[in-house]
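Trainee:
2 protein chains.
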Amino acid sequence: MSLRYAVLEVLQASPMNGYRLARRFAEAQRWVWSAPQSQVYGVLAKLREDGLIAGAVREGENGLSTADYSLTPEGERHLARWISEPHSEPPTRDPFALQALGFDAVDTDSAVAVLEAHIAEQEALIEQWGEHREALLRRDTPLLRERLKARPAGEHRRIAEVKAMVFGRQVELATAKVDWARRMVDLLRDLDREAPARDESASA
Amino acid sequence: MSLRYAVLEVLQASPMNGYRLARRFAEAQRWVWSAPQSQVYGVLAKLREDGLIAGAVREGENGLSTADYSLTPEGERHLARWISEPHSEPPTRDPFALQALGFDAVDTDSAVAVLEAHIAEQEALIEQWGEHREALLRRDTPLLRERLKARPAGEHRRIAEVKAMVFGRQVELATAKVDWARRMVDLLRDLDREAPARDESASA
DNA sequence: CTCGGCATGTAACCGGTTACATGATTTT
DNA sequence: AAAATCATGTAACCGGTTACATGCCGAG
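Going down the list, the sequences are from chains Y and P. Here this note's numbering is used: the first residue of the first sequence is 1, the next is one more, and so on. Here this note's numbering is used: the first residue of the second sequence is 205, the next is one more, and so on.
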């Protein structure tokens, strides 16, 4: 459902064709929303049908015909309404937490290995999101530059700070996950020291 | 995919029938995984086919026939393997972050209202998860009590502390979200004071 | 006798994933 | 000429959601 709005937000910043849009969403693990290329074209078709976007077919620089989609006035209103209304969170569904619930049932070393892989993954995300945040504050990302071009200078600061703040959130959440995982490693090690040589159901 | 393992984890703690299991997952917004009743029966059927669980048909206390499912040895191994292996995080897909990215494009009051609804929602979760965490440490939840009955006393501490720690994580993550949302409110208000009376595309 | 709770499902739908198809153009 | 990239899709599948179907039992 939300991909619609993710697409609208990107197209609002800068009109572009399906290919560029699809690439953005396909590459963007690090972004707040990701989607495979095939899904983007579907959503694009639906948004067109619903009259929320319109594609100006344009002769690309290379003679290739390509449609630059941008929001219709109705699309702008639709997006603004979605942003302005509270939407209840989707039900919790956290595979890692589910896995961690089972750490009492496996040997400590395996659990620690899983936690360390998790830490590494989150730290990579922290770096990517952090860099993106910095780039936003410098107003130095491709999409933001295109977005600012279309907006009065008085709004530039607000736009950049809000976007940067959201990536700051992602960094903070990932940092909290890393902190927790380290404490979980300590806990498992402590429990092992206090009650040593338990034999788990799966013994070597 | 993960619902399989969520089901296995619950059945490992205590064998039960589809109804009780389905109710758990349907009610459990507050849990780490939720699922509608209809899906649980489907997963249950598949786990049966795959030989990971077996249902002992039993005459219920009221003469009603009901199947108590529990893990087969293969099911135990399967679950232990899944818990012991790292699984990469699913691609980021955070509807709230997506919405927050658009806060620069709507008026501050609307954005603040959305943020306050978010804060209220997260605080409710914090309370529920926090209570559950306390209950786990007291070893006073229905499922944990049933689980501990089947395990030697020497493991009780480890089991309770690990489970509690996971709910502690959920509390910490939700707390980080609340903290961030409050700072976001401040930021929007500050930006408004510094560059007052901007008129957003949607003016009253 | 009806209503709510126990118990087990089926059916239709939708969002998201994986994989494949097609054709043009640009680069090597 | 072959490979990479631009550009736009289709098809099959799967996990998850909503809604409905069925029947038994005990309580009011």
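Ideal placement from N, C-alpha and C gives every residue a C-beta, glycine not left out. Model, not experiment: these values are computed from the prediction.
#1: Closest Cβ-Cβ distance between A202(Y) and chain P: below 9 Å?
#2: Within 9 Å (strictly less), CB to CB, does K149(Y) reach chain P?
#3: Since M369(P) contacts L173(Y) with CB under 8 Å, what's their CB separation in whole angstroms?
#4: For G222(P), which of Y245(P), R208(P) and A339(P) has the nearest alpha-carbon?
#5: How many whole angstroms separate the CB atoms of P240(P) and A230(P), which I take to be in contact at a CB cut-off of 8 Å?
#6: Kindly indicate the opening and closing residues of the alpha helix (DSSP H) around A284(P).
#7: Under a three-way DSSP split, which group does D107(Y) fall into?
#8: Let me know the beta strand (DSSP E) ranges lying completely inside the stretch 142-173 of chain Y, each 3 residues or longer, listed in chain order.
#9: Could you tell me the distance, in whole angstroms, from the CA atom of K250(P) to the CA atom of T296(P)?
#10: In chain Y, which residues lie with their C-beta within 8 Å of the C-beta of M220(P)?
#11: Could you tell me how far apart the beta carbons of A217(P) and R351(P) are, in whole angstroms, since I believe they sit closer than 8 Å?
#12: Less than 9 Å between CB atoms is the rule here; does G102(Y) satisfy it with respect to chain P?
#13: Over the uninterrupted alpha helix (DSSP H) stretch that includes R224(P), give me the two end residues.
#14: Give a yes or no on whether 9 Å exceeds the smallest Cβ distance from R158(Y) to chain P.
#15: Between the Cα of L144(Y) and those of L191(Y), A105(Y) and E9(Y), spot the shortest distance and give me the residue it belongs to.
#16: For a quick check, are the C-beta atoms of D308(P) and E161(Y) less than 9 Å apart?
#17: Thinking just about the alpha-carbon of each residue, which of K177(Y), L191(Y), W82(Y) and P73(Y) is nearest to the one in F371(P)?
#18: When the Cα atoms are used, what is the spatial distance from R387(P) to L319(P)?
#19: May I ask you to report which of helix, strand or coil DSSP gives D272(P)?
#20: With burial defined as no fewer than 16 other Cβ atoms inside 10 Å of the residue's Cβ, what is the status of E49(Y): buried or exposed?
#21: Can you check whether the CB of I257(P) is closer than 9 Å to the CB of Y209(P)?
#22: Give me the DSSP bridge partner(s) of V261(P).
#23: Under 9 Å between the Cβ atoms of A67(Y) and G75(Y)?
#24: Would R24(Y) pass as an interface residue toward chain P - the criterion being a Cβ-Cβ separation below 9 Å?
#25: State yes or no: is the C-beta of A385(P) within less than 9 Å of the C-beta of Q326(P)?
#26: Within the 9 Å Cβ cut-off, does L47(Y) reach chain P?
#27: Give a yes or no on whether the minimum CB-CB distance between G264(P) and chain Y is below 9 Å.
#28: Against chain Y, with Cβ distances strictly below 9 Å, would S242(P) count as a contact?
#29: Flag this pair as yes or no: are the beta carbons of D179(Y) and V236(P) separated by less than 9 Å?
#30: Using a Cβ cut-off of 9 Å (strictly closer), state whether S274(P) contacts chain Y.
#31: Could you check the C-alpha separation between A113(Y) and H156(Y) for me, to the nearest Å?
#32: Report all residues from its chain with a CB closer than 8 Å to the CB of A202(Y); omit the five preceding and five following residues, and keep chain order.
#33: Is DSSP giving W31(Y) helix, strand or coil here?
#34: Can you pull the chain Y neighbours of D298(P), defined as C-beta to C-beta under 7 Å?
#35: Going straight from the alpha carbon of E265(P) to that of R355(P), what length do you get?
#36: If you check the beta carbons only, do Q233(P) and H87(Y) fall under 9 Å apart?
Mentor: Judging by the given coordinates:
#1: With a pLDDT of 45 at A202(Y), under the threshold of 50, the predicted position of this residue should be treated as unreliable, and no value is reported.
#2: Not closer than 9 Å to any Cβ of chain P, the Cβ of K149(Y) fails to qualify, so no.
#3: No, M369(P) and L173(Y) are not in contact; Cβ-Cβ is about 18 Å, not under 8 Å.
#4: The option with the nearest alpha carbon to G222(P) is Y245(P).
#5: 6 Å
#6: P277 to S288
#7: coil
#8: You should have found no qualifying run.
#9: 28 Å
#10: Those within 8 Å of M220(P) in chain Y number zero; the least Cβ separation is about 17 Å.
#11: 4 Å
#12: Chain P contact via Cβ: present.
#13: Start and end: G222 to E231.
#14: It does: the Cβ of R158(Y) has a partner Cβ on chain P nearer than 9 Å.
#15: E9(Y)
#16: yes
#17: K177(Y)
#18: Roughly 10 Å between the two C-alpha positions.
#19: strand
#20: exposed
#21: For the pair Y209(P) and I257(P), the CB atoms are not nearer than the 9 Å cut-off.
#22: In the DSSP assignment, V261(P) forms a beta bridge with A271(P).
#23: no
#24: no
#25: yes
#26: no
#27: For G264(P), the pLDDT reaches just 49, beneath the cut-off of 50, and the residue's location in the model is therefore unreliable, leaving the point undetermined.
#28: no
#29: No, they are not a contact pair.
#30: no
#31: 45 Å
#32: Any answer about A202(Y) is weak, because its pLDDT of 45 lies below 50 and its placement is not dependable; what the coordinates show is given next. Annotation for A202(Y): V106 and D107 place their beta carbon closer than 8 Å to its own, counting only its chain and skipping 5 residues before and after.
#33: Three-state result, W31(Y): coil.
#34: V32
#35: Low confidence applies here, because E265(P) scores a pLDDT of 47, under 50, leaving its location unreliable; read the following figure in that light. C-alpha separation (whole angstroms): 25 Å.
#36: no
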